Amino acid sequence: MLRFFAGSLGAGLVAGALAFSPAARADGPRVASARSDADAPVAADGECDAQPSRRCLETPPGELLPPPEPAGEEGEAPPPEADRANYRVVKDDLTGEKRYVFRKHRFVGLPQVLQSPAFGTIFGLRARYVNRVPGSKFDRIQLDLAARISTRRIQDHDLRLQLRDLLGRDEVIVVIGAIDIDPAFPYIGVANNERITGVDFRDRYYATFLRTYAGSAVYAEPIWQLDATPHRPRGVLRWFAGATFAVDRFEAYENSLFAEERPEEIGRQRRGYYVGGVQWDRRDNEWNPSTGALHETSFTLAGPWAGGSRSWARYSLIARWYRTLGTEKLIFAQAAIFDALIGIPPLIPLGQVGGLEPIEGLGDRFIGRGFYRRRFIGDTKSAVLTELRYTPVEFKLLRWSVGLGVRAFVDVLKVFKTNEAIHENFHPSGGGGLFILWDRFFVLRMDFGYSAEGAGLYLAGGHPF
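The sequence shown begins at -1 in the working numbering and counts up by one.
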């Protein structure tokens, strides 16, 4: 298409040079001269669209010529220096000119070797495809596929598809499917705030065998917008609604803590629920936010009428802030989480937070690095996560942009227990890590977390928040 466009433009310039008199080339507005051949045929309606020719390119007498278009794809001006990584340079075969072409399609597929104390070493394949339009730092289409298996025989296979503004309403649609086979799914008790040291949480006493098949869909649409300023990105307030259905099958190990405390959940359980809420999004981008905020609050309702085995409800609030400190390379990021369940919730929601896309916690690679996976579960949970991210090195690797960064973090967790003072039993952890920003759409990180109960090394994709 670029070659055709360049050829057509070159033909237009040649035709224009032949059609103008010397007077027309003088300074001032350029006006087309009369045609040298009054009897020249006129292009029929629609002919120029089907088959461009010289007579289609000629300008009628007396009409002002349009100004020349700037270099770039389809008349785009060269991008600013800060945005050059989103473009590639191509050379026109006819004119020899170099043009900046926006990279609409991006794909990365790579083998993964991840690490977590609860999962062991994880081997797998992950692929991400994104489609992005010029002028936007948000993906129009984002597709993630992953298949992983760990040395502890834990299997995790998932698909996530995010569509943005396909209907012209600035809407967001998210569809998720997952299959998990976990012979080491942890259970360390509900609201267990006692410090546990010198214990191997990988022992079967603290585990159960879980198989999960789940699918969900969420639709979000703007209800109010705040225009961008020179220093702040555009803000969008969206409502969202969605549904989730999952089938869980628990198999208890003999003499395990799960068999002692939750025998009623052994066997097949169904989780069906609807979620609704609002989200405020004022981030400057999705993959590595440096300014703005992302907040969401939601209500979840579950019961037999939604396909579930139990009736329960959840209120969730997650607030995230991002700020640069003097330079765009240094980012201060913080998240505050509050999650409350009522009714008779099953085991899995007891160890999750969030309603739009529930996150596993508290403990392990997302929330509470340094604590064991799902170390703190319960009806009411809260957490505050603080990170300092610094990206001192950015360079080009062939046609891809790569950034190398370091981080320091502190996570503070709390699970509430009946008749307990609000200031008691906070569980801090902290540490640091490295991360790679690949081509401005994918993040791979390695974190080391330390807590009063131990330490953990985590290799994972994406920032924790």
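Beta carbons: idealized from backbone N, C-alpha and C, even for Gly.
Predicted, not measured: the structure shown is a model, and the values here were computed from it.
- In the DSSP secondary-structure assignment, Lys394 is bridged to Ser399.
- Counting C-beta pairs with one atom in each stretch, the region 300 to 312 and the region 277 to 288 have fewer than three that are closer than 8 Å, which means they do not touch.
- Remark: C-beta atoms of Ile174 and Phe117 do not approach each other more closely than 8 Å.
- If only complete runs of 3 or more residues are kept, the region 104 to 169 shows the beta strand (DSSP E) at 118 to 129, 139 to 148 and 153 to 162, in order along the chain.
- Nearest to Gly187 by alpha-carbon distance, out of Ala419, His421, Arg371 and Pro462, is Arg371.
- The beta carbon of Phe424 sits closer than 8 Å to the beta carbons of Val410, Leu411 and Lys412 from its chain, once the five residues preceding and following it are set aside; these are given in chain order.
- Rounded to the nearest angstrom, the Cβ distance from Ala338 to Thr378 is 5 Å, consistent with a contact under 8 Å.
- Only exposed fits Phe297, as fewer than 16 other CB atoms lie within 10 angstroms of its CB.
- Contact between Arg247 and Arg266 holds: their C-beta atoms lie close to 5 Å from each other, under 8 Å.
- The alpha-carbon of Tyr320 is positioned some 14 Å away from that of Arg232.
- A straight line joining the alpha-carbon of Ile346 with that of Pro228 spans about 44 Å.
- In this structure, Gly459 sits near Arg124, with a CB-CB distance shorter than 8 Å.
- At a Cβ-Cβ threshold of 8 Å, Val216 and Val245 do not count as neighbours.
- Taking one beta carbon from each stretch, the region 299 to 310 and the region 348 to 362 have fewer than 3 pairs nearer than 8 Å; the two do not touch.
- With distances taken between CA atoms, Leu457 lies nearest to Arg363 out of Ile177, Val106, Arg363 and Phe199.
- Annotated as proximal: Val441 and Asn286, with beta-carbon spacing under 8 Å.
- By the beta-carbon neighbour count (other beta carbons within 10 angstroms, threshold 16), Ser134 is exposed.
- Spanning the alpha carbons of Arg138 and Glu355 requires a straight line of approximately 19 Å.
- Contact annotation: Val408 and Gly353 have beta-carbon atoms that are not nearer than 8 Å.
- Rounded to the nearest angstrom, the gap between the Cα atoms of Val131 and Leu360 is 37 Å.
- Within the same chain, Cβ atoms closer than 6 Å to the Cβ of Glu385 are found at Ala331, Arg405 and Phe407, the five residues on either side in sequence being excluded.
- Each of Ser399, Asn417, Gly240 and Ala176 was checked against the Cα of Thr210, and the nearest Cα belongs to Ala176.
- In the three-state reduction of the DSSP assignment, Phe256 falls in the helix class.
- When the five nearest sequence neighbours on each side are left out, the beta carbons in the same chain lying within less than 6 Å of the beta carbon of Gln223 are those of Val234, in order along the chain.
- Take Tyr271, set aside five residues on each side of it, and the residues of its chain with a beta-carbon closer than 7 Å to its own are Thr242, Thr298, Leu299, Ala300, Ala304 and Gly306, in chain order.
- Non-local beta-carbon contacts of Gly107 in its own chain, meaning distances under 6 Å to residues more than five positions away in sequence, involve Ala125 in chain order.
- The beta carbons of Ile434 and Leu395 sit no closer together than 8 Å.
- In terms of Cα proximity to Val170, the closest of Leu159, Ala182 and Arg146 is Leu159.
- Between Gly447 and Gly429, the C-beta gap is smaller than 8 Å, which places the two residues in contact.
- In this structure, Gly122 lies away from Gln140, with their beta-carbon atoms at least 8 Å apart.
- By the Cβ neighbour-count rule, Phe105 is exposed, with fewer than 16 other Cβ atoms within 10 Å of its own.
- The alpha-carbon of Asp91 is positioned some 29 Å away from that of Val128.
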